[in-house]
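Below is one structure, written out as structure tokens; comments come after it.
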Amino acid sequence: MSDQVFTNMKAVVSGATGTIGRAICQRIVEDGGSVVLLGRNEEMLKKAVVEMGSQASYAIVDIDDDDSVEAFARTLDRVDILVCTAGWTVIGPVDDVPVADAVDMFNARFFGQCRLIKSALPKFDNGGLIVMCSGVATDAYYPNYGFGTAVCSAIDAYAHHIAVELAPRKIRVNSISPGWTVPVEPNSNSAGPTRVFAPEKAMPAFNTALDSPLHETIPPEEFADALVFMTRAKHLTGEIVRLDAGRGLTDVPFDGFVEINR
Ligand SMILES: NC(=O)c1ccc[n+]([C@@H]2O[C@H](COP(=O)([O-])OP(=O)(O)OC[C@H]3O[C@@H](n4cnc5c(N)ncnc54)[C@H](OP(=O)(O)O)[C@@H]3O)[C@@H](O)[C@H]2O)c1
0 MSDQVFTNMK AVVSGATGTI GRAICQRIVE DGGSVVLLGR NEEMLKKAVV EMGSQASYAI
60 VDIDDDDSVE AFARTLDRVD ILVCTAGWTV IGPVDDVPVA DAVDMFNARF FGQCRLIKSA
120 LPKFDNGGLI VMCSGVATDA YYPNYGFGTA VCSAIDAYAH HIAVELAPRK IRVNSISPGW
180 TVPVEPNSNS AGPTRVFAPE KAMPAFNTAL DSPLHETIPP EEFADALVFM TRAKHLTGEI
240 VRLDAGRGLT DVPFDGFVEI NR
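Dropping the structure here:
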């Protein structure tokens, strides 16, 4: 149907086997678009593509690796929407987290997005939409999450900057900042590792901080709703869309009770 939001659009989504990326890919094909799912786990990619139908395809891409990303970008004929959700995180007290692990995390979660954007840019023809993925730790204090906070801030800052730089080419850039979001099926994702250091010190306070004013996790489908909004709102650029159940509004400690939405 021609009034579907993604009709005639070609999308690329990294982290496509993950909680947020997968829900976004599903919506793109349901609403008339085609999508290339990126990830490293071929079995999961194949399964997802079979479930999504003929408008979905996949490519194995390691976003840590320039060559892998560039080789994929060369296979593209055109891209209208690029959504970067691949990434993982490091949790632990400042005394305990090795900087080398934070460097690894930045390489995937920040520079991985930058790599993909840079490589795909020549394939944007006459405008388009880029969506980066950060996290609510930019707005709210999460104990033992210094590097996670830093990477989220870097992502949002980069999105802001390149939104201006790419505006003359009619390429819009926005960032999605998730609050706590859990997979539709427990353990259904092939997530990169969350590296936790000194968990006995780090995790109790970190877990309590996951709570939010709405006391609910974010259903992954709401990130697909955000993409639909960003696609329809043709003058939305340089924005951070906070989907966080209000967590970013306050640092008041909650009781840690959160209703899991799947
Ligand atoms: N879920 C939340 O509550 C939440 C909150 C705030 C921020 N975030 C951030 O938002 C992003 C998406 O979250 P999510 O919950 O959808 O994550 P997820 O379920 O853990 O999925 C992450 C995806 O990233 C892919 N990935 C990781 N490293 C990769 C690499 N080097 N090359 C290619 N793919 C790689 C993984 O695929 P393979 O392992 O199959 O390659 C996986 O499918 C992540 O950066 C996450 O840290 C999430």
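Following numbering that gives the first Met the number 0, the numbering of the sequence shown begins with 0 at its first residue and continues without gaps.
Heads up, the beta-carbon is just placed ideally off N, CA and C, and yes, glycines get one too.
Name the DSSP bridge partner or partners of P177? Stepping through the sequence shown from its first residue, residue 177 is reached at position 178. According to DSSP, P177 bridges with L242.
Would you list the residues sitting across from C83 in a DSSP beta bridge? Sequence index remark: in the sequence shown, residue 83 carries index 84 (1-based). The partner list for C83 (beta bridge, DSSP) reads S13.
Where does Q3 sit, in a helix, a strand or coil, going by DSSP? By 1-based counting over the sequence shown, the position of residue 3 is 4. Correct three-state label for Q3: coil.
Measure from the alpha carbon of D100 to the alpha carbon of each residue in F196, R241 and D250, then state which is nearest. To locate residue 100, count along the sequence shown from 1; it is residue 101. Ranking F196, R241 and D250 by Cα distance to D100 puts F196 first.
Have a look at the DSSP bridge pairing and note the partners of Y157. Position 158 of the sequence shown, counting from 1, holds the residue named residue 157. Note: Y157 sits in no beta bridge, so no partner.
To the nearest angstrom, how far is it from the Cα of E215 to the Cα of C151? Counted from its first residue, the sequence shown places residue 215 at position 216. Counted from its first residue, the sequence shown places residue 151 at position 152. When rounded, the separation of the alpha-carbon atoms in E215 and C151 is 21 Å.
Under a Cβ-count criterion, where at least 16 other Cβ atoms within 10 Å of its own Cβ denotes burial, should A244 be classed as buried or exposed? Position 245 of the sequence shown, counting from 1, holds the residue named residue 244. Looking at its Cβ environment, which holds 16 or more other Cβ atoms inside 10 Å, A244 is buried.
Proximal residues to Y144 (C-beta, below 7 Å), its chain only, five neighbours per side dropped: Within the sequence shown, residue 144 is the residue found at index 145, counting from 1. I90, A136 and F205, listed in sequence order.
Taking 8 Å as the cut-off, decide whether the C-beta atoms of I62 and L128 are in contact. In the sequence shown, the residue the question calls residue 62 occupies position 63. In the sequence shown, the residue the question calls residue 128 occupies position 129. Their beta carbons are not under 8 Å apart, which means I62 does not touch L128 by this criterion.
Take V68 and list the residues in its own chain whose beta-carbon comes closer than 7 Å to its own, dropping the five residues that flank it on each side. Here the question's residue 68 lines up with position 69 in the sequence shown. V60, I62, R114, L115 and S118.
Go to M131, then tell me how far its alpha helix (DSSP H) extends in each direction, as first and last residue. Counted from its first residue, the sequence shown places residue 131 at position 132. Per DSSP, M131 belongs to no alpha helix (DSSP H); it is in the beta strand (DSSP E), F123 to C132.
Check this for me: beta carbons of V130 and V82, under 8 Å apart or not? As a first step, residue 130 is located in the sequence shown; it is residue number 131 there, counting from the start. As a first step, residue 82 is located in the sequence shown; it is residue number 83 there, counting from the start. Yes, they are a contact pair.
C24 beta carbon near ligand 1 (any heavy atom closer than 7 Å): Here residue 24 refers to the residue found at position 25 of the sequence shown. No, ligand 1 has no heavy atom inside 7 Å of this Cβ.
Mind checking whether S23 and A208 have CB atoms under 8 Å apart? Your numbering for residue 23 matches position 24 in the sequence shown. Your numbering for residue 208 matches position 209 in the sequence shown. For clarity, residue 23 is Ile in the given sequence; the question names Ser instead. Contact: no.
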